[in-house]
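Take a look at the structure set out below.
Protein chains: 2
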Amino acid sequence: MKKEKPLILLSNDDGVEAKGLNELIRGLSGVGEMIVMAPDGPRSGASGAITSERPVRYYKEREEEGLTVYKCTGTPVDCVKLALHAVVPRRPDLVIGGINHGDNSSVNVHYSGTMGVVIEGCLKGIPSVGYSLCNHHADADFDPLLPYVRRITEQVLERGLPSGICLNVNFPDRPTFKGVRICRQTAGAWVNEWKRSLHPRGGDYFWLIGEYDNHEPEAEDSDHWALGQGYVAVTPTQIDVTAYGVMDELKNWNLKI
Amino acid sequence: MKKEKPLILLSNDDGVEAKGLNELIRGLSGVGEMIVMAPDGPRSGASGAITSERPVRYYKEREEEGLTVYKCTGTPVDCVKLALHAVVPRRPDLVIGGINHGDNSSVNVHYSGTMGVVIEGCLKGIPSVGYSLCNHHADADFDPLLPYVRRITEQVLERGLPSGICLNVNFPDRPTFKGVRICRQTAGAWVNEWKRSLHPRGGDYFWLIGEYDNHEPEAEDSDHWALGQGYVAVTPTQIDVTAYGVMDELKNWNLKI
């Protein structure tokens, strides 16, 4: 009996028309059967948001050999949930988010809709990977990434990932890479985050912008350092966010009423 | 010189008019000077989402002794970012999210706008706490929580929290509690997540609902167990989501191109 091809569910936060998603599809050609359920427009910064106040719909965009593309009115996480519920013929072997137009290393993991996709796949018990390029332009060049995306994807399919752990893979914006480094999340923060403008009819409005402040620029095991040096940064990411190290201390607090 | 009262920044994801937020303000009366920047409507399930595609505005709602309330057109995380940028007179001593109408224990931490607020405060280096009640009704009874909310808040102000660590506090829906337990995040997942309905003009639409499936119902150190037994569950939560335990194994993968 012929072995079934792996089934790969893809989504993103830049929307179904984004170049990064379509380059991902191109780069994974032949690796498996692909089902895409992506937002019908940009959802950058959607994090793990879900849609609870209104209903969600989806539509088939196109279908070809080994690929079916749907678009969805919801968030990136909605896309994963709805695809798993309504369109996949069987449980996917892999969930992929991306390729994101923009850096999801360091604290960006907390804001990223791409990583929302990946964490949702992981919460559903499916090996999950997010790919992001440190270039947010719509026409960014994804060519240099594709051999790495393919290799990492094949390795995850072959080896699997431990339960509750997914991968956050970021690529520097360069024509070639020095190699792959396994990293930890860099400590940092966004500063100077708002640009104030005056509304023509009065009052202020604010655009979210900001500059990234790296709290540990010399840390050679951190993802932001690796990217700055020209490496592909693979940051294993977990869904258990318990701070185990402080549990004992908290038990000494005076919390009796 | 008289010691300055602590400055507390409050937000939520149920919106500025939600009972939980206003009960929180009532419960913390006198503990510190309070500034509220809350969404102008419900943002349940907003997670760590930020608004990047359009500008954000805020408006002063009301001002009284020790309390100023603003509403904001953005997400819960936007509220924290914008308050810190535009309205606080000095760096807050504490950021609080809540009191949420609904359970944010276990994997809900990943979808919660309340915990989005808290994680954002933590990312900004400010001690941060989220309070949630396991009852999502608009008129839920928050009275039993208030002495605990006040005590935990006072303890955080007195003792601080380690850098990068915040608290996720959940209350069972009961008139009294057995006490407080320091917990870890329960492993679980949402299942049967969508209700399909037929649109009157054709086609399906989907409401996100779902049932919580606890993967470890007997785990006495987990937050969901504590809630089920009638305890207040305090789950320390960290912003570093690196899965340190798998880094060495990943270094053996074949990732050379």
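Respectively, the protein sequence lines represent chains G and D. Read in order, the letters of the first sequence are residues 41 to 297 in my numbering. Read in order, the letters of the second sequence are residues 41 to 297 in my numbering. Note that beta-carbon positions come from the ideal geometry of N, C-alpha and C, so glycine has one too.
_Quick check: is the beta carbon of Arg-224(D) nearer than 7 Å to any beta carbon in chain G?_
yes
Helix or strand or just coil, what does DSSP make of Ser-92(D)?
coil
ask   = Nearest chain G C-beta to Phe-246(D) closer than 7 Å, yes or no?
value = For Phe-246(D), the answer is yes, since a Cβ of chain G falls inside 7 Å of its Cβ.
When the cut-off is 7 Å and only beta carbons count, does Met-155(D) lie next to chain G? no
Q.
My output table needs one value for His-264(D): the three-state DSSP class, helix, strand or coil.
A. In the structure shown, His-264(D) sits in a helix (DSSP, three-state: H, G or I).
Neighbourhood of Val-117(G) by C-beta, 6 Å cutoff - its chain only, sequence neighbours within 5 removed: Once the five neighbours on either side are set aside, the close Cβ partners of Val-117(G) are Gly-88, Ile-90, Gly-156, Glu-160.
**Asked** Taking the alpha-carbon positions, what's the Asp-261(D) to Gly-165(G) distance?
**Response** Going by the C-alpha atoms only, they are around 22 Å apart.
Discussion item. What does the Cβ neighbour count give for Ile-139(G), buried or exposed, with the cut at 16 atoms within 10 Å?
Written reply: buried
In chain G, what lies closer than 7 Å to Tyr-284(D) by C-beta?
Going along chain G in sequence order, the residues near Tyr-284(D) (Cβ under 7 Å) are Arg-224.
Ignore the nearest five residues each way along the sequence and tell me which others in His-177(D)'s own chain have a CB closer than 8 Å to its CB.
-> His-141
Closest residue to Pro-187(D) among Leu-68(D), Pro-46(D), Lys-59(D), Thr-108(D) (Cα-Cα distance): Of the candidates Leu-68(D), Pro-46(D), Lys-59(D), Thr-108(D), the one whose C-alpha sits nearest the C-alpha of Pro-187(D) is Leu-68(D).
*Using only alpha-carbon positions, find the residue among Lys-59(G), Pro-46(G), Ser-146(G) that is nearest to Trp-230(G).*
Ser-146(G)
Q.
By alpha-carbon positions, which one of Val-158(D), Val-56(D), Gln-195(D), Asn-148(D) ends up nearest to Cys-174(D)?
A. Comparing Cα-Cα distances from Cys-174(D) to each of Val-158(D), Val-56(D), Gln-195(D), Asn-148(D), the minimum goes to Asn-148(D).
Gln-225(G) to Gly-243(D), Cα distance in whole Å?
43 Å
ask   = Within 7 Å (strictly less), CB to CB, does Val-102(D) reach chain G?
value = The sequence as given places Arg at residue 102(D); Val does not occur at that position. So, not an interface residue.
For a contact meaning CB atoms closer than 7 Å, what does Leu-297(D) contact in chain G? The sequence shown places Ile at residue 297(D), rather than the Leu named in the question. Under the 7 Å cutoff, chain G gives Pro-187, Tyr-188, Arg-191.
(message) At the 7 Å Cβ level, is Tyr-151(G) part of the contact set with chain D, yes or no?
(response) yes
- Which runs of the beta strand (DSSP E) spanning at least 3 residues fall entirely within the segment 219-256 of chain G, listed in chain order? 220-222, 228-231, 234-238, 244-248, 251-254
Compute the distance between the beta-carbons of Val-135(D) and Phe-211(D), then report whether it is under 7 Å.
no
- Query: Is it true that the CB of Asp-280(D) sits closer than 7 Å to the CB of Gly-204(D)?
  - Reply: yes
Original post:
Who pairs with Ile-48(D) in a beta bridge, going by DSSP?
Top reply: Met-74(D), Leu-134(D)
Determine the DSSP secondary structure at Gln-278(D), reduced to helix, strand or coil.
-> strand
* To do: Below 8 Å on the Cβ atoms is my guess for Ser-51(D) versus Ser-84(G); work out the distance and round it to an integer in Å.
  => Actually they do not touch by this definition, with Cβ atoms about 22 Å apart.
Can you find a CB in chain D that lies within less than 7 Å of the CB of Arg-195(G)?
With the sequence shown as reference, residue 195(G) is identified as Gln, and Arg is not the correct amino acid for it. It does; some Cβ of chain D falls within 7 Å.
Starting from Lys-111(G), trace the beta strand (DSSP E) in both directions and tell me its first and last residue.
107-112
Which same chain residues, not among the five before or five after Tyr-151(D), have their C-beta less than 8 Å away from its C-beta?
Gly-85, Ser-87
> Val-147(D) touches chain G at which residues, Cβ-Cβ below 8 Å?
Replying inline: Residues of chain G passing the Cβ test: Leu-163, Ile-279.
Candidates Ile-75(G), Glu-73(G), Met-74(G), Arg-97(G): which alpha carbon is nearest Lys-235(D)'s?
Of the residues Ile-75(G), Glu-73(G), Met-74(G), Arg-97(G), the one whose Cα lies closest to the Cα of Lys-235(D) is Arg-97(G).
Check for me: the beta strand (DSSP E) holding Pro-100(G) runs from which residue to which?
It should be noted that the sequence gives Lys, not Pro, for residue 100(G). For Lys-100(G), the enclosing beta strand (DSSP E) stretches over residues 98-104.
Per DSSP, the bridge partner or partners of Ile-205(D):
Gln-278(D)
| query | Would the segment 122-136 of chain D and the segment 184-199 of chain G be scored as touching if the rule is three or more Cβ pairs under 8 Å? | reply | no
Practice prompt. Sort Lys-59(G), Pro-95(G), Asn-232(G) by Cα distance to Pro-82(G) and report the nearest one.
Written response: Lys-59(G)
Proximal residues, the segment 69-98 of chain G versus chain D, C-beta separation under 7 Å
Pro-82, Ser-84, Gly-85, Ala-86, Ser-87, Gly-88, Ala-89, Ile-90, Thr-91, Ser-92, Glu-93, Pro-95, Val-96, Arg-97
Q) Counting only beta-carbon atoms, is Lys-291(G) nearer than 7 Å to chain D? A) yes
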